[in-house]
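Visitor: Note that this note's numbering has the sequence shown beginning at 288, numbered continuously upward.
By construction, the Cβ of each residue, glycine as well, lies at the ideal position given by its N, Cα and C atoms.
Structure in structure tokens, see below.
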Amino acid sequence: MNKKAVALLSGGLDSTLAVRLILDQGIEVTAMNFVSPFCTCNRHGRCESAHVAEQFDIKLKIISVGMDYINLIKNPRYGYGKNINPCLDCRIFMFTKARLYMEEIGAAFVFTGEVLGQRPMSQRMDAMRLIERESGLTGKLLRPLSAKLLESTSVEGSIVDREKLMDIKGRSRKPQMSMAKDYGIDDYACAAGGCLLTDFQFANRMRDLFVHYDEPTLKDIAFLKVGRHFRISDNTKVIVGRDEAENKRLLNMQKAEDTCLQIVDAPGPVTLLQGERHPENLAKAACLAARYSDAKLSPSVKVAYRANGADEPVILDVVPMRDEHLQQLRI
Ligand code: SF4
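Here's what the structure looks like:
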């Protein structure tokens, strides 16, 4: 009998418990994890799923999403959740890839840590059925934590003992915490997984990106995670570092066409202007840089930038931007 399964493993508590339940039934598990620029679930720069796979000594296939995933976020067939999270489309995307992998390695089914009713968009009964159908996994998608509340899959009764699965539903995590305690699992840093697409501020930045960039790249998205962002014109934005670490990141990430501005006579942030480098935009970027510098109360602050290919920096003398003005520009 084929006793192989593919797990979708975020590394959060729910998918960890699901893996444990299936392993306990003597089924060989290969885990899959999707890495996207929107994942926040990592420890010391390493994805949580890697820790879990290591703990259980199971194989882990990591897939980095590409532009097809970004296009899906831009134009989701089933719309967005509360922010810019296209959860139904996202799941269909991932589950379809899991089905293909299941077929490739000759596994019998795919399983996840989903819990009925836990998330309003993607874990309602009708949504779960839709995802199953659209990803070509009808009858082959098992949710061990809620299985007893769901229609039986084709593998329950043959490969999987349904009686040993769970009947958890809803948003409370108490049942999962109690299972974790029983299993001696106490090292889970990210109880529910993390996704920036559900974050209000990040969603605003993504919307701004989709409005102003015809073809945003993964690097453009990486910038959205660093600094304070300001839209100063249709074609131009300014990013201001919030601390030493972000200043370093911005310096490392800057593109050849970006303009870097720095305060001359006082400590201040690294500021990048992305877009049209004309005098009005440069002045606005300099005023923003001055506002976030240690000289923000001075009537005039010197800000330097280097024009294309020039050896000597250009120095601008500016007044720090007033808070009312910068709030209007903030993304
Ligand atoms: S929260 Fe993020 S990763 Fe999770 S399904 Fe929704 S869009 Fe996908």
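(1) Confirm the yes/no value for this check: CB of Thr303, any heavy atom of ligand 1, distance under 6 Å.
(2) If you check the beta carbons only, do Gln312 and Asp448 fall under 7 Å apart?
(3) Would you call the CB atoms of Leu296 and Ser351 closer than 7 Å?
(4) Let me confirm a value: Ser302 is counted as buried when at least 16 other C-beta atoms fall within 10 Å, else exposed. Which label applies?
(5) Given Leu428, which residues of its chain have a CB within under 6 Å of its CB, disregarding the five upstream and five downstream residues?
(6) Under the three-state reduction of DSSP, which class applies to Ala543: helix, strand or coil?
(7) Can you tell me which of the three DSSP states Arg386 falls into?
(8) Identify the continuous beta strand (DSSP E) that holds Met319 and give its terminal residues.
(9) Would you list the residues sitting across from Ser351 in a DSSP beta bridge?
(10) Kindly indicate which three-state DSSP category Thr485 falls into: helix, strand or coil?
(11) Is it true that the stretch 428-443 meets the stretch 484-491, where meeting means three or more beta-carbon pairs spaced less than 8 Å apart?
(12) Would you mind working out which of Lys346, Asp344, Ile618, Gln342 sits nearest Ala490, comparing C-alpha positions?
(13) Would you decide whether Met466 is buried or exposed? Buried here means 16 or more other CB atoms lie within 10 Å of its CB.
(14) Does at least one heavy atom of ligand 1 sit under 6 Å from the Cβ of Leu295?
(15) Looking only at C-alpha atoms, which of Gly393, Lys348, Asp413 sits nearest to Tyr365?
(16) Pull up the distance between the alpha-carbon of Gln405 and that of Met464, whole angstroms please.
(17) Kindly give me the distance between the Cβ atoms of Met354 and Val293, rounded to whole angstroms, as I take these residues to be in contact under 8 Å.
(18) In angstroms with no decimal places, state the Cα-to-Cα distance between Arg411 and Val402.
(19) How is Lys524 classed by DSSP in three states: helix, strand or coil?
(20) Ligand 1 and Asn372: does any heavy atom of the ligand fall closer than 6 Å to the residue's C-beta?
(21) Could you pull the start and end residues of the beta strand (DSSP E) that Gln561 belongs to?
(22) Is there at least one non-hydrogen atom of ligand 1 closer than 6 Å to the beta-carbon of Cys328?
(23) Roughly how many angstroms lie between the CA atoms of Leu538 and Arg529, to the nearest whole one?
(24) What's the gap between the Cα of Ala532 and the Cα of Gly400?
Guide: Taking the coordinates as given:
(1) Numbered from its first residue, the sequence shown carries residue 303 at position 16. It does not: the Cβ of Thr303 is nowhere closer than 6 Å to a heavy atom of ligand 1.
(2) Taking the first residue of the sequence shown as 1, we reach residue 312 at position 25. Taking the first residue of the sequence shown as 1, we reach residue 448 at position 161. Result yes, Cβ atoms of Gln312 and Asp448 sit closer than 7 Å.
(3) Taking the sequence shown and counting its residues from 1, one reaches residue 296 at position 9. Taking the sequence shown and counting its residues from 1, one reaches residue 351 at position 64. Their beta carbons are not under 7 Å apart, which means Leu296 does not touch Ser351 by this criterion.
(4) Against the sequence shown, residue 302 aligns to sequence position 15. With 16 or more other Cβ atoms within 10 Å, it is buried.
(5) Reading the sequence shown from its first residue, position 141 is the one you call residue 428. If we look at Leu428 and ignore the five residues flanking it on each side, its Cβ neighbours are Val397, Glu419.
(6) As a first step, residue 543 is located in the sequence shown; it is residue number 256 there, counting from the start. In the structure shown, Ala543 sits in coil (DSSP, three-state: anything other than H, G, I, E or B).
(7) The sequence position of residue 386 within the sequence shown is 99, counting from 1. Residue state, collapsed to three classes: helix.
(8) The residue given as residue 319 occupies position 32 in the sequence shown. Counting along the chain, the beta strand (DSSP E) containing Met319 begins and ends at 315-322.
(9) If you number the sequence shown from 1, residue 351 lands on position 64. Val322.
(10) Residue numbering aside, residue 485 sits at position 198 when the sequence shown is read from its first letter. DSSP places Thr485 in helix when its eight states are reduced to three.
(11) No: fewer than three Cβ pairs fall under 8 Å.
(12) Numbered from 1 along the sequence shown, position 203 holds the residue referred to as residue 490. Answer by Cα proximity: Ile618.
(13) Translated into the one-based positions of the sequence shown, residue 466 becomes position 179. Classification for Met466: buried.
(14) The residue given as residue 295 occupies position 8 in the sequence shown. Answer for Leu295: no, Cβ out of range of ligand 1.
(15) Looking up residue 365 in the sequence shown gives position 78. The shortest C-alpha separation from Tyr365 is found at Asp413.
(16) Mapped onto the sequence shown, residue 405 falls at position 118. Mapped onto the sequence shown, residue 464 falls at position 177. Those two C-alpha atoms are separated by around 14 Å.
(17) Counting from one through the sequence shown, the residue named residue 354 turns up at place 67. Counting from one through the sequence shown, the residue named residue 293 turns up at place 6. In fact, because the Cβ distance is near 24 Å, the residues do not count as touching under 8 Å.
(18) In the sequence shown, counting from the first residue as 1, residue 411 sits at position 124. In the sequence shown, counting from the first residue as 1, residue 402 sits at position 115. In a straight line, the C-alpha of Arg411 is about 9 Å away from that of Val402.
(19) If you number the sequence shown from 1, residue 524 lands on position 237. The answer is strand: DSSP assigns Lys524 an E or B state.
(20) The sequence position of residue 372 within the sequence shown is 85, counting from 1. Flag set: Cβ of Asn372 near ligand 1.
(21) The residue labelled residue 561 in the question sits at position 274 within the sequence shown. 558-561 is the extent of the beta strand (DSSP E) around Gln561.
(22) Here residue 328 refers to the residue found at position 41 when the sequence shown is read from its first residue. No; taking the cut-off as 6 Å, the Cβ of Cys328 has no heavy atom of ligand 1 nearer than that.
(23) Residue mapping note: residue 538 aligns to position 251 of the sequence shown, counting from 1. Residue mapping note: residue 529 aligns to position 242 of the sequence shown, counting from 1. Going by C-alpha positions, Leu538 is about 13 Å away from Arg529.
(24) Locating residue 532 in the sequence shown gives position 245, counting from the first residue. Locating residue 400 in the sequence shown gives position 113, counting from the first residue. Those two C-alpha atoms are separated by around 35 Å.
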